[in-house]
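Novice: Starting off with a structure, shown below.
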Amino acid sequence: MSDELTPRSFWPTWRSNRLFALLLAILLTYVIVWVAIVVRLTTLRVEQFGRTPQNPPVITVSGQGKVTGVPTTAMATLGLDITNPDVVTSHRLNIERMNRFIEAVKQLGVKAEDMQTSNFSLSPQYRYEPGTGRRFIDGYLVSQSIRVKIRDLSKVGSVLGKAGEEGLNQVSGVDFIIDDPKGMEEEARAKAILEAQSAGAKIASSLGVRLVRVVDFSESVSDPTHLKSYGGYGYGILAESSEPQIETGTLDVVANVQITYEIR
1 MSDELTPRSF WPTWRSNRLF ALLLAILLTY VIVWVAIVVR LTTLRVEQFG
51 RTPQNPPVIT VSGQGKVTGV PTTAMATLGL DITNPDVVTS HRLNIERMNR
101 FIEAVKQLGV KAEDMQTSNF SLSPQYRYEP GTGRRFIDGY LVSQSIRVKI
151 RDLSKVGSVL GKAGEEGLNQ VSGVDFIIDD PKGMEEEARA KAILEAQSAG
201 AKIASSLGVR LVRVVDFSES VSDPTHLKSY GGYGYGILAE SSEPQIETGT
251 LDVVANVQIT YEIR
C-alpha cells in the first residue's frame with residue numbers, strides 16, 4: 001500500500017530504464033559542450049573587439065622602362081578659309097581648291113581612304129555701321145579642313161608643298177605616330193618590371209627579410225602616338241610653294257610600374 005502512494009521520479013534509474021538513461025546522459029554531454037563552445041566564442045569576440053586586423057608586412061617598389069622608336073606615319077590636318085561677298089562664289093572657290101589639292105595628294109601616292117574631311121562650315125561675316133551700330137553682312141566665310149594620313153614619311157614635305165601650291169592657308173597640326181606601338185609598350189613594361197624586381201630584392205636583402213609573394217601591381221604606359229606638332233603656322237608655312245623640310249625625329253615609350261611584396 002505504501003509503494004502505490006509513493007510518487008515516481010521522472011528521471012529513470014539505471015536499473016529500470018537503461019536505454020533512456022544512456023540517451024539522456026549523451027544529450028546532457030552535448031549540451032554542456034555546446035554551451036562551452038558558445039561561451040568561448042563570445043569571449044574571443046569580446047577580446048578582439050576594437051582591435052585592428054593584423055595585415056602582413058609589405059614593401060612597395062617601383063621601376064621604369066623606356067624604349068625609343070621611330071615614327072611610321074604622319075597625320076596632317078590642312079585647311080582652307082575663303083571669304084567672298086557672294087555665298088555661292090565663296091563656296092565654289094573653296095570646293096575647287098580643296099578638290100585640286102586632294103587630287104594632287106593622290107598623285108603623290110596617298111590613298112583616298114587615308115583622307116577624311118574633318119571640318120566644313122559656312123558662316124556670314126558682319127560689319128557694323130559707325131555711329132548707329134547697325135549690323136550688315138559683309139561676306140561669307142567657307143572653311144574646310146581635311147585630315148591626311150601619310151604612310152610614306154618622305155612625302156610629308158611634298159604634301160605640305162602641294163597645300164601651298166593650291167592656296168590652302170591653315171595647318172592645324174602635323175603629328176608623327178607609330179601605327180602599332182604594342183611591341184614597344186611590352187618591351188618598356190618588361191624593363192620596368194625587371195627594375196622593380198631588382199629593387200625589391202636589394203631592399204629585402206638589406207632588411208634581412210625575404211620576398212614571399214606579389215600582393216599588388218599597377219602600371220602606366222605613355223601614349224607614343226603623338227611626337228611633335230607643326231600646328232599654329234597658319235598661312236605662313238603654306239604660303240611658300242617649295243616643300244618645307246620636316247624632321248620626324250624619334251619618340252619614347254615609357255612604362256612605370258609599382259609592385260607590392262609581402263615579406264617575412
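All residue numbers for the sequence shown refer to the numbering used here, where the first residue is 1 and numbers rise by one. The C-beta atom is built at its ideal place from N, Cα and C for all residues, glycine as well.
1) Along the alpha helix (DSSP H) that carries THR73, what are the first and last residues, could you check?
2) What first and last residue would you give for the beta strand (DSSP E) that runs through GLU129?
3) Please name the residue, chosen from VAL148, TRP34, PRO130 and LYS106, that lies closest to THR117 on a Cα-to-Cα basis.
4) Here's a check: name, in chain order, each residue in its chain whose Cβ is nearer than 8 angstroms to the Cβ of SER158, leaving out the five neighbours to either side.
5) Taking all protein chains shown into account, decide if THR250 is buried (16 or more other Cβ within 10 angstroms of its Cβ) or exposed.
6) Which residues in the same chain as PRO57 place their Cβ atom closer than 6 angstroms to its Cβ, once the five residues preceding and following it in sequence are excluded?
7) So for ASN94, helix, strand or coil by DSSP?
8) Can you tell me whether DSSP reads LYS149 as helix, strand or coil?
9) Beta-carbon separation of ALA255 and VAL174 under 8 angstroms?
10) Okay, do the stretch 71-90 and the stretch 172-188 touch, 3+ Cβ pairs below 8 angstroms being the bar?
11) What are the boundary residues of the beta strand (DSSP E) that includes LYS66?
12) Pull up the CB-CB distance for ARG134 and TYR128, whole angstroms please, since I reckon it's below 8 angstroms.
13) Are any of the Cβ atoms in chain C nearer than 8 angstroms to that of ASN169?
14) Whose C-alpha, out of ILE26, SER90, GLN258 and ALA188, is nearest the C-alpha of ASP216?
15) Exposed or buried, which one is ALA196 when buried takes at least 16 other CB atoms within 10 Å?
16) Taking DSSP's pairing of strands, which residues face VAL214 in a bridge?
17) Excluding the 5 residues preceding and the 5 following SER222 in the sequence, name in chain order all residues of the same chain whose CB lies nearer than 7 angstroms to its CB.
Specialist: On the basis of the coordinates in this document:
1) From DSSP, THR73 is part of no alpha helix (DSSP H) but of the beta strand (DSSP E) over 73-84.
2) From DSSP, GLU129 is part of no beta strand (DSSP E); its letter is neither H nor E.
3) VAL148
4) LEU108 and GLU243
5) exposed
6) ILE263
7) helix
8) strand
9) no
10) yes
11) 58-69
12) 7 angstroms
13) The chain labelled as chain C is not found in the depicted structure, where only one protein chain is given.
14) GLN258
15) buried
16) TYR261
17) VAL253 and VAL254
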